[in-house]
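Residue numbers (the working numbering): 322 to 710. Glycine residues also receive a C-beta, built at the ideal position from the N, C-alpha and C atoms. A quick note: this is a predicted structure, and the numbers were derived from the prediction, not measured. Below: the structure, in structure tokens.
This is the structure:
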């Protein structure tokens, strides 16, 4: 029986994690659940899973949840604030941490889990984008195990040798290939992108995701962040990480070997598959996802992404090559830009323009401490907001 803490329990990854856990009550126990503000959804999760701890961002929300749980006889202790997330992530009782908080807010508690030597199921790509070198080094020093949950990185992880130690050449790997659906605007004329609405952007053709990550998928910033994430997860230089547009979202990513072989991981577009894989690794267990019927597939297509349509992907490669705080600035500016687009304050093409202007403003500085990373994050957000204003 392993104890699991879920950071971001009310989001799509958190809910899918709980869906997998329901099938294996003899293997996993929910120790802590955290949420930003979805108090009612967290209450129902606590009612079902009865964790030792729950945590919310706001003190008043936490007090209300505490009273509501007491009324129905649930003894879960309710905490609040950013420090509470790090506390439950690093708790001695926690064996596994599902890091599923979207954005920079997930950095500190996931870093705390690494310092505590936990098994980390990493669904928060921003941790590696903002502080990749620091996070990877901390995990090594404290013997923390990082298992990727993003469908693309999980696919690469599955397609690499089981004993892969971070040396692509020794493993005979020529290149890693991340697949991208292309999002809802893949075939839209470029001239019409300025007119698209947030409602259109969040209607992903294949995946059910939160609003922010859906916007990132539409702009392909999501794939850019995944390129940076792949760099740190698999010790791969930018030139050994490629992206192909694959609208069907059946091939989740591929590994190209020196002998010409391409090994791909295929499956239905269902996040329960990579979640179950990471939870059970190195074993396998049921995920609850539908089986992929190969006979029903009419075609699998792959094309090169158009950087005129998806400039955010190019910006991410540039930030990775620049290094230092550049990926942190990229991520911060994008979070501000995505939020502004969802609030109808900027147009869809303005997302890439805002990120580019913010990146141009900052000189490249080292990102060698958590404080330096968080400082760069704050400054980049302030600059992006000033550009919008």
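At a Cβ-Cβ threshold of 8 angstroms, residue 430 and residue 328 count as neighbours. When DSSP reads this structure, residue 469 sits in a beta bridge with 443. Counting other Cβ atoms within 10 Å of its Cβ, residue 550 reaches 16 or more and is therefore classed as buried. The residue among 678, 463, 600, 545 with its C-alpha nearest the C-alpha of residue 709 is 678. Using a Cβ-Cβ distance cut-off of 8 angstroms, the stretch 562 to 572 and the stretch 494 to 502 are in contact, since at least three pairs of beta carbons, one from each stretch, lie closer than that value.
With a 10 Å radius around the Cβ and a threshold of 16 neighbouring Cβ atoms, residue 623 comes out exposed. The three-state reading of DSSP puts residue 623 in coil, since its state is none of H, G, I, E or B. Partner residues in the beta bridge of residue 498, as assigned by DSSP, are 563, 575. The beta carbon of residue 440 is closer than 6 angstroms to those of 417, 466 in its chain, skipping five residues each way along the sequence.
Straight-line measurement puts the Cα of residue 351 at about 5 angstroms from the Cα of residue 325.
In terms of CA proximity to residue 609, 343 leads the group 655, 477, 579, 343.
Counting only runs of 4 or more residues that sit fully inside the stretch 347 to 377, the alpha helix (DSSP H) segments are 360 to 370, in chain order. Counting only residues of its own chain and dropping the five nearest sequence neighbours on each side, residue 604 has no CB closer than 6 angstroms to any other CB. Within the stretch 372 to 415, the beta strand (DSSP E) runs of at least 3 residues that lie entirely inside it are, in chain order, 374 to 377, 398 to 401. As DSSP reads the structure, residue 418 sits in a beta bridge with 326, 441. Taking all protein chains shown into account, residue 475 has 16 or more neighbouring C-beta atoms within 10 Å of its C-beta and is therefore buried.
Pairing residue 649 with residue 576 gives a Cβ-Cβ distance that is not under 8 angstroms.
By the criterion of a C-beta distance shorter than 7 angstroms, residue 630 is surrounded in its chain by 511, once the five residues flanking it on both sides are discounted. Judged by DSSP secondary structure, residue 634 falls within the alpha helix (DSSP H) whose first and last residues are 632 to 643. Ranking 434, 421, 432, 451 by CA distance to the CA of residue 445 puts 421 first. Of the candidates 600, 666, 698, 600 places its Cα closest to the Cα of residue 469.
In the same chain as residue 544, and ignoring 5 residues on each side of it, the C-beta atoms closer than 7 angstroms to its own belong to 499, 501, 564, 634, in chain order. Selection 452, 496, 334 evaluated against residue 578 yields 496 as nearest (Cα-Cα).
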